[in-house]
Amino acid sequence: QKEVEQDPGPLSVPEGAIVSLNCTYSNSAFQYFMWYRQYSRKGPELLMYTYSSGNKEDGRFTAQVDKSSKYISLFIRDSQPSDSATYLCAFPPPGGGADGLTFGKGTHLIIQP
Amino acid sequence: DVKVTQSSRYLVKRTGEKVFLECVQDMDHENMFWYRQDPGLGLRLIYFSYDVKMKEKGDIPEGYSVSREKKERFSLILESASTNQTSMYLCASSRLGGASTDTQYFGPGTRLTVL
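Going down the list, the protein sequences come from chains W and B. By the numbering used here, the letter at position 31 of the first sequence is numbered 31, and the numbering carries on one by one without gaps. By the numbering used here, the letter at position 23 of the second sequence is numbered 23, and the numbering carries on one by one without gaps.
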């Protein structure tokens with residue numbers, strides 16, 4: 001079983017739609033959960049992070065974590081063409097430390113005007 | 001504004017050449033990372049460093065080495081480039097402290113093609 005599973009897409013939706021992006025993970029020791037956004041020909045940038053199970057909202061974005069199911073989601077409300085990007089879930093090393101993040105493969109999202 | 005810069009956006013090299021990819025950050029971060037990003041495989045950690053002259057292997061270190069002589073600079077070295085090292089290379093940095101929510105800031109990437 002792969003450590004992180006994420007559908008690569010592409011996921012194409014019309015402007016204004018609600019978008020749901022998801023990752024499943026197998027390592028129950030993961031404590032923090034991040035979403036990075038990567039525009040074409042750019043490096044990833046942190047969008048949101050969460051710690052506990054439940055929801056965290058930031059503007060049009062909501063991150064949801066279900067630790068019991070090892071499942072995280074990112075919802076985008078009122079999607080805009082500028083949201084078109086690749087979205088990567090990311091997991092810091094359990095216990096902290098300087099190690100790198102474990103990334104999902106990323107979902108390529110296209111918002112059609 | 002935080003900044004991670006990489007020496008080249010695009011690079012074309014021949015098989016067997018020695019290749020240097022440079023990364024500089026201006027945020028006084030202790031941690032620096034090199035990833036490669038490939039379609040269908042996502043981002044994979046090659047090496048990381050948590051201090052000057054310190055380095056640790058990531059998930060795919062084979063065929064690569066790194067150098068960190070100064071805090072702000074982290075170099076990735078391909079001793080003898082091969083075609084399977086054609087990829088997008090991303091450098092990142094973060095501050096030390098063990099806080100797992102510390103953001104990793106990424107550079108724009110270097111797209112390396114090995115012919």
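All residues carry an ideal CB built from backbone N, CA and C; glycine is no exception. Nothing here was measured: the structure is a model prediction, and the numbers come from that model.
Asked, Found
"Say whether the stretch 49-62 of chain B touches the stretch 5-21 of chain B, bearing in mind that this needs 3 or more beta-carbon pairs closer than 8 Å, one atom from each stretch.", "no"
"Taking only beta-carbon atoms, is T103(B) less than 7 Å away from chain W?", "yes"
"Select from E15(W), G106(W), I111(W) and I110(W) the residue whose C-alpha is nearest the C-alpha of G120(B).", "Since the displayed chain B opens at 1 and closes at 115, residue 120(B) lies outside it and no answer follows."
"Is E44(W) close to chain B? Criterion is C-beta to C-beta, closer than 7 Å.", "Reading off the sequence, residue 44(W) comes out as Pro, not Glu. Yes, because at least one Cβ of chain B sits closer than 7 Å to the Cβ of P44(W)."
"For A29(W), count neighbouring Cβ atoms within 10 angstroms of its own Cβ and tell me buried if that reaches 16, exposed if not.", "exposed"
"Using only CA atoms, which one of A90(W), M48(W), V65(W) and M34(W) lies nearest to G104(W)?", "A90(W)"
"Skipping 5 residues on each side, what residues in its chain have a beta carbon closer than 6 Å to that of M32(B)?", "S49, F74 and S93"
"Looking at chain B, is there any beta carbon in it that lies within less than 7 Å of the beta carbon of F33(W)?", "no"
"Checking contacts by CB at 7 Å: is F48(B) closer than that to chain W?", "yes"
"Could you confirm whether any beta carbon from chain W is found closer than 7 Å to the beta carbon of L90(B)?", "yes"
"At the 7 Å Cβ level, is P61(B) part of the contact set with chain W, yes or no?", "no"
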